[in-house]
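K.L.:
Here it is: the structure, laid out below.
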Amino acid sequence: MLCATGAIAGGYAYHQLSGRKVTIGGYAAFAAAGCLGGVTLGWGIGVAVETLFPGLMLGGGEAQLWVGVGASLARTEAAAYGRALVNSTFSGSAIGLAQTIGLISRARAYEWFKSLSSNFVSGAGSVSVLFGPEADATKAFFTHELPTLLQDGANIAIRYFRP
Amino acid sequence: MEFRRGFFNTLKSDAGFVVKDRSIRGFVEYREGHRRAIVPVDNDFMQGRAYLSRATVIKWNPPHETEAIPEGKRQEILQNIFEALRFSGGPIEMVS
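Top line first, the protein sequences correspond to chains A and B.
In this text, residue positions in the first sequence follow numbering that gives the first Met the number 0: the first is 0, and each later residue adds one.
In this text, residue positions in the second sequence follow numbering that gives the first Met the number 0: the first is 0, and each later residue adds one.
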């Protein structure tokens with residue numbers, strides 16, 4: 000959507016700027032630049048809104064948490080039921096991308112995720128937790144997330160995963 | 000074992016393997032010659048730590064997916080990934 004809007008704007012800008020000499024390549028280059036700009040701008044706005052209003056991070060949707068299972072299982076579960084993971088928010092995906100392309104270290108990404116996770120959990124009215132065999136009392140779900148959820152009176156659904 | 004850091008958090012070892020650190024997204028890509036495997040890594044964002052399980056099942060990606068990985072080799076791959084992630088800078092722990 001953001002890409003398409005940017006691409007149309009880019010194409011229109013090229014049409015206006017190029018005068019009579021228009022080429023397919025010119026349209027394509029401006030549309031591609033518009034697409035990239037649209038995605039970047041949209042992402043930036045998303046991160047800014049999530050930073051200023053953490054409660055909007057989930058947009059009234061359900062959060063997916065996991066404990067004692069791998070992130071890939073939680074991702075599959077979230078995708079199947081339309082839930083949001085902390086990684087899939089604008090801010091989470093921006094941190095993931097920044098770490099992937101080497102802009103920030105893993106240690107720095109953890110620092111930022113820690114603060115993001117706190118906001119994510121505190122803004123969740125409804126949460127589904129995937130429990131796995133490696134869940135124990137030392138996990139972040141019990142030490143950080145559950146106390147916040149209980150304090151906020153969030154609805155918590157638990158599903159056990161057996162490998 | 001010596002590592003060299005490449006673009007996009009790629010860690011190249013002098014032992015002949017390459018690890019792409021995507022641990023924040025829950026996996027790493029391990030490459031040895033033409034063989035490639037996606038290996039899951041668990042994260043605890045609140046404690047700022049990654050976990051690599053000793054029990055992790057590893058399978059090569061196509062077209063080598065039918066090749067069985069012997070237990071010794073599986074352990075070696077996990078150890079290689081552990082060393083690479085330790086080199087990459089964030090806290091990492093091998094768990095049972």
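We put the beta carbon where it would ideally sit given N, CA and C, even for glycine.
Because the structure is a prediction, the values reported are computed rather than measured.
So residue 2 (chain B) contacts chain A; which residues on that side make the cut at Cβ distance below 9 angstroms?
P.N.:
Ordered by position in chain A, no residue passes the 9 angstroms Cβ test against residue 2 (chain B), which lies about 14 angstroms from the chain.
K.L.:
On the criterion of 16 or more Cβ atoms from any shown chain inside 10 Å, does residue 100 (chain B) qualify as buried, or is it exposed?
P.N.:
Here chain B comprises residues numbered 0 to 95, so residue 100 (chain B) is not present and cannot be evaluated.
K.L.:
Are residue 69 (chain A) and residue 39 (chain B) touching if we call contact CB-CB under 9 angstroms?
P.N.:
Yes; because the gap between Cβ atoms is below 9 angstroms, this pair is in contact.
K.L.:
Beta-carbon separation of residue 160 (chain A) and residue 115 (chain A) under 9 angstroms?
P.N.:
Contact: no.
K.L.:
Determine the extent of the beta strand (DSSP E) in which residue 72 (chain B) is found, giving its start and end residues.
P.N.:
Per DSSP, residue 72 (chain B) belongs to no beta strand (DSSP E); it is in the alpha helix (DSSP H), 70–87.
K.L.:
Exposed or buried, residue 49 (chain B), counting other C-beta atoms within 10 Å across all chains shown (16 or more means buried)?
P.N.:
Answer is buried; the Cβ neighbour count reaches 16.
K.L.:
According to DSSP, simplified to helix, strand and coil, what is residue 65 (chain A)?
P.N.:
Three-state DSSP puts residue 65 (chain A) in a strand.
K.L.:
Would you call residue 6 (chain B) buried or exposed, if buried means 16 or more other Cβ atoms sit within 10 Å of its Cβ?
P.N.:
Its Cβ having fewer than 16 others within 10 Å, residue 6 (chain B) is exposed.
K.L.:
What does residue 39 (chain B) pair with, by DSSP beta-bridge criteria?
P.N.:
Per DSSP, B:26.
K.L.:
Using DSSP's beta-bridge definition, name the partner residues of residue 129 (chain A).
P.N.:
A:65, A:158.
K.L.:
Quick one, which residues of the region 11–34 of chain A are near chain B if we go by CB-CB under 9 angstroms, in chain order?
P.N.:
Residues passing the 9 angstroms Cβ filter: none.
K.L.:
Within 10 angstroms of the Cβ of residue 146 (chain A), are there 16 or more other Cβ atoms? Answer buried if so, exposed if not.
P.N.:
Residue 146 (chain A) should be labelled exposed.
K.L.:
Check for me: the beta strand (DSSP E) holding residue 102 (chain A) runs from which residue to which?
P.N.:
No beta strand (DSSP E) holds residue 102 (chain A); DSSP gives it neither H nor E.
K.L.:
When burial is assigned at 16 or more other CB atoms within 10 Å of the CB, is residue 56 (chain B) buried or exposed?
P.N.:
Residue 56 (chain B) is exposed by the Cβ-count criterion.
K.L.:
Going by C-alpha distance, which of A:88, A:112, A:11 is nearest residue 48 (chain A)?
P.N.:
Closest option to residue 48 (chain A), Cα to Cα, is A:88.
K.L.:
Grouping DSSP H, G and I as helix and E and B as strand, with all else coil, what is residue 4 (chain B)?
P.N.:
Correct three-state label for residue 4 (chain B): strand.
K.L.:
Just to confirm, are residue 2 (chain B) and residue 76 (chain B) a CB contact at a threshold of 9 angstroms?
P.N.:
Their beta carbons are not under 9 angstroms apart, which means residue 2 (chain B) does not touch residue 76 (chain B) by this criterion.
K.L.:
How many Å lie between residue 124 (chain A) and residue 72 (chain A) at the Cα?
P.N.:
Looking at the two C-alpha atoms, the distance is approximately 22 angstroms.
K.L.:
For chain B, check one thing: does any of its Cβ atoms lie closer than 9 angstroms to the Cβ of residue 158 (chain A)?
P.N.:
No - not a single Cβ of chain B is within 9 angstroms of the one on residue 158 (chain A).
K.L.:
Here's the rule: buried if 16 or more other CB atoms are within 10 angstroms of the residue's CB, otherwise exposed. What is residue 150 (chain A)?
P.N.:
Exposed, since its Cβ has fewer than 16 Cβ neighbours within 10 Å.
K.L.:
For a test of the three-state rule: what should DSSP assign to residue 71 (chain A), helix, strand or coil?
P.N.:
Three-state DSSP puts residue 71 (chain A) in a helix.
K.L.:
Of the residues B:18, B:42, B:32, B:68, which one's Cα is nearest the Cα of residue 140 (chain B)?
P.N.:
With chain B covering 0 to 95 only, the question about residue 140 (chain B) has no answer from this structure.
K.L.:
Please state whether DSSP places residue 78 (chain A) in a helix, a strand or coil.
P.N.:
Helix, per DSSP.
K.L.:
List the residues of chain B whose Cβ lies closer than 9 angstroms to the Cβ of residue 112 (chain A), in chain order.
P.N.:
Correct list: 23, 42, 44, 45, 47.
K.L.:
Take residue 29 (chain A) and list the residues in its own chain whose beta-carbon comes closer than 8 angstroms to its own, dropping the five residues that flank it on each side.
P.N.:
Excluding residues within five positions, the ones whose Cβ falls inside 8 angstroms are 9, 10, 12, 13.
K.L.:
Would you say residue 7 (chain B) lies against chain A (beta-carbon separation less than 9 angstroms)?
P.N.:
Answer yes: the Cβ-Cβ gap between residue 7 (chain B) and chain A drops below 9 angstroms somewhere.
K.L.:
What residues from the region 71–96 of chain A come within 8 angstroms of chain B, judged by C-beta to C-beta, listed N to C?
P.N.:
Hits within the stretch, in order: 71, 74, 85, 86, 94, 95.
K.L.:
Could you confirm whether any beta carbon from chain B is found closer than 9 angstroms to the beta carbon of residue 122 (chain A)?
P.N.:
Not an interface residue.
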